[in-house]
Amino acid sequence: MSVDHYENFPVASWLCPRHLRPAVKALYWFARTADDLADEGNAAPAHRLAQLFSYRQALALALADQPDPEERWPQVFGPLRATLQRHRLDPHLLQDLLSAFEQDVHNPHYQDRAELLDYCRRSANPVGRLLLQLYGVSDPVALRQSDAICTALQLINFWQDIGRDLAKGRCYVPRTDAQRHAVDPAHLQPGMDTPATRALLRDLCHWSERLMLEGAALVHRVPGRAGWELRLVVQGGLRVLERIGRMHHATLLHRPTLSAWDAPLLLLRAVTMGTGPAARATA
Numbered sequence: 056m057s058v059d060h061y062e063n064f065p066v067a068s069w070l071c072p073r074h075l076r077p078a079v080k081a082l083y084w085f086a087r088t089a090d091d092l093a094d095e096g097n098a099a100p101a102h103r104l105a106q107l108f109s110y111r112q113a114l115a116l117a118l119a120d121q122p123d124p125e126e127r128w129p130q131v132f133g134p135l136r137a138t139l140q141r142h143r144l145d146p147h148l149l150q151d152l153l154s155a156f157e158q159d160v161h162n163p164h165y166q167d168r169a170e171l172l173d174y175c176r177r178s179a180n181p182v183g184r185l186l187l188q189l190y191g192v193s194d195p196v197a198l199r200q201s202d203a204i205c206t207a208l209q210l211i212n213f214w215q216d217i218g219r220d221l222a223k224g225r226c227y228v229p230r231t232d233a234q235r236h237a238v239d240p241a242h243l244q245p246g247m248d249t250p251a252t253r254a255l256l257r258d259l260c261h262w263s264e265r266l267m268l269e270g271a272a273l274v275h276r277v278p279g280r281a282g283w284e285l286r287l288v289v290q291g292g293l294r295v296l297e298r299i300g301r302m303h304h305a306t307l308l309h310r311p312t313l314s315a316w317d318a319p320l321l322l323l324r325a326v327t328m329g330t331g332p333a334a335r336a337t338a
């Protein structure tokens with residue numbers, strides 16, 4: 056299942072066990088709808104925040120196992136209530152997601168990596184933790200590894216889509232990183248490709264790769280088909296970084312993408328994944 060958004064949540068694939076697909080779809084539509092409220096269309100920020108406030112109220116009712124008397128977003132919160140009843144998911148993770156979407160409306164700039172990581176903690180990491188809960192994986196090491204993978208994936212998406220984000224007025228490049236490379240973040244624009252911006256993006260991509268490799272061993276701890284899907288997710292992220300490297304980190308000029316031609320290589324690397332540095336498996 057996917058929808059026609061340039062950034063989408065790949066969920067409920069054929070690798071997902073049938074009995075978990077309703078829960079995964081419910082989580083997808085919860086996150087997708089909130090993301091659209093924060094980001095899609097031409098609504099004013101005040102209207103977006105009001106909508107997200109109503110969405111948060113509807114979530115509170117769902118968490119209390121109560122129907123929404125106003126029937127706001129029934130296609131989202133009906134399935135979500137059933138999922139919460141069956142799987143007893145951590146409500147704080149859903150609330151963290153909404154907090155991140157509300158932050159998107161304010162469109163902040165990030166002073167340093169710590170601020171950006173805090174955003175990823177609420178916008179990306181809850182998705183991985185919710186999925187681990189569905190699979191019954193909850194030990195602290197697995198949670199840390201999941202956080203590393205989810206944060207890495209989101210950062211990779213930022214560097215892959217930097218031109219698109221800047222065109223929408225969003226900049227996820229930490230100011231301290233930009234300043235270290237003598238780049239004024241206020242002047243970053245699509246098409247502004249210089250040796251300094253390439254060095255900046257190279258540094259950010261290396262950071263993302265380190266995080267991905269820190270978490271990659273999780274693929275050996277997630278059971279069944281989910282573990283194989285996670286292998287492909289990890290290798291897909293690493294492959295995007297490889298593509299960015301091959302274009303000399305000029306993502307301000309061009310957005311790298313993967314295609315069907317990458318599938319055989321991703322499958323090979325997924326099958327041959329080791330642990331630690333070997334997780335990259337660049338066969």
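Heads up: the sequence shown begins at 56 in this note's numbering, then just goes up one per residue.
We put the CB at the ideal spot given by N, CA and C, even for glycine.
Values in this document were obtained by computation on a predicted structure and should not be read as measured data.
Exercise. Mind checking L323: buried by the 16 CB within 10 Å criterion, or exposed?
Worked result: Start at 1 with the first residue of the sequence shown, and residue 323 comes out as number 268. That one is exposed.
Exercise. In terms of residue numbering, what span does the alpha helix (DSSP H) encompassing S263 cover?
Worked result: Against the sequence shown, residue 263 aligns to sequence position 208. Per DSSP, S263 belongs to the alpha helix (DSSP H) from P250 to G270.
For this session: Have a look at L104, R310 and T138 and flag the residue whose alpha-carbon is nearest the alpha-carbon of P77.
Result: Position 22 of the sequence shown, counted from the first residue, corresponds to residue 77. Ranking L104, R310 and T138 by Cα distance to P77 puts T138 first.
Exercise. Since K80 and P163 are thought to touch, with beta carbons under 8 Å apart, how far apart are those beta carbons, to the nearest angstrom?
Worked result: Position 25 of the sequence shown, counted from the first residue, corresponds to residue 80. Position 108 of the sequence shown, counted from the first residue, corresponds to residue 163. Contact flag wrong, Cβ pair sits at about 31 Å.
Exercise. Apart from the five residues on each side of it in sequence, which residues of its chain come closer than 6 Å, Cβ to Cβ, to D216?
Worked result: Within the sequence shown, numbered from 1, the residue matching residue 216 stands at position 161. Closer than 6 Å at Cβ, skipping near neighbours: no residue.
For this session: Output yes or no for whether 8 Å exceeds the beta carbon distance between R230 and Q158.
Result: On the sequence shown, residue 230 is found 175 positions in, with the first residue counted as 1. On the sequence shown, residue 158 is found 103 positions in, with the first residue counted as 1. For the pair R230 and Q158, the CB atoms are not nearer than the 8 Å cut-off.
For this session: May I ask you to verify whether the region 220–240 touches the region 186–203, counting CB pairs closer than 8 Å and requiring at least 3?
Result: Cβ pair count under 8 Å is below three, so no.
Problem set entry | Burial state of V342 (16 or more Cβ within 10 Å) | No information on residue 342 is available, as it lies outside the stretch 56 to 338 that the chain covers here.
For this session: Determine contact between the region 246–253 and the region 180–187, defined as no fewer than three beta-carbon pairs at a distance below 8 Å.
Result: Contact between the region 246–253 and the region 180–187 is not established, with fewer than three Cβ pairs separated by less than 8 Å.
Problem set entry | First and last residue of the uninterrupted alpha helix (DSSP H) at G246 | Mapped onto the sequence shown, residue 246 falls at position 191. Where G246 is concerned, there is no enclosing alpha helix (DSSP H), given that its DSSP letter is neither H nor E.
Problem set entry | Proximal residues to R310 (C-beta, below 8 Å), its chain only, five neighbours per side dropped | Numbered from 1 along the sequence shown, position 255 holds the residue referred to as residue 310. Within the same chain, R310 has close Cβ partners Q215, D216, G218 and R219.
For this session: Identify the continuous alpha helix (DSSP H) that holds S109 and give its terminal residues.
Result: As a working mapping, residue 109 is identified with position 54 in the sequence shown. It spans P100 to L118 - the alpha helix (DSSP H) in which S109 sits, taken as one unbroken run.
Problem set entry | N97 - containing alpha helix (DSSP H), residue span | Here residue 97 is taken as the residue at index 42 of the sequence shown, counted from 1. Counting along the chain, N97 falls outside any alpha helix (DSSP H), and DSSP gives it neither H nor E.
Exercise. Near L104, what residues of its chain come up, given a Cβ to Cβ distance below 7 Å and the 5 sequence neighbours on each side ignored?
Worked result: Taking the sequence shown and counting its residues from 1, the one referred to as residue 104 is at position 49. Short of 7 Å from the beta carbon of L104, and not among the five residues preceding or following it, lie these beta carbons of its own chain, in chain order: E157 and V160.
Exercise. Considering only C-alpha positions, which residue in the set D173, L153, D194 and S263 is nearest to L273?
Worked result: If you number the sequence shown from 1, residue 273 lands on position 218. It is D194.
Exercise. Is Y83 helix, strand or coil by DSSP?
Worked result: In the sequence shown, residue 83 corresponds to position 28, counting from 1. Helix, per DSSP.
For this session: Select from R127, A233 and L285 the residue whose C-alpha is nearest the C-alpha of C71.
Result: Translated into positions along the sequence shown, residue 71 becomes position 16. Closest in alpha carbon position to C71, among R127, A233 and L285, is L285.
Problem set entry | Inside the region 293–329 only - alpha helix (DSSP H) runs reaching at least 4 residues | The DSSP assignment places complete alpha helix (DSSP H) segments of no fewer than 4 residues inside the region 293–329 at 318–326, in order along the chain.
Problem set entry | Coarse secondary structure for C226, derived from DSSP in three states | One-based indexing of the sequence shown puts residue 226 at position 171. C226 sits in coil when the DSSP states are folded into three classes, being neither helix nor strand.
Exercise. What's the gap between the Cα of L255 and the Cα of R87?
Worked result: Counted from its first residue, the sequence shown places residue 255 at position 200. Counted from its first residue, the sequence shown places residue 87 at position 32. Going by the C-alpha atoms only, they are around 31 Å apart.
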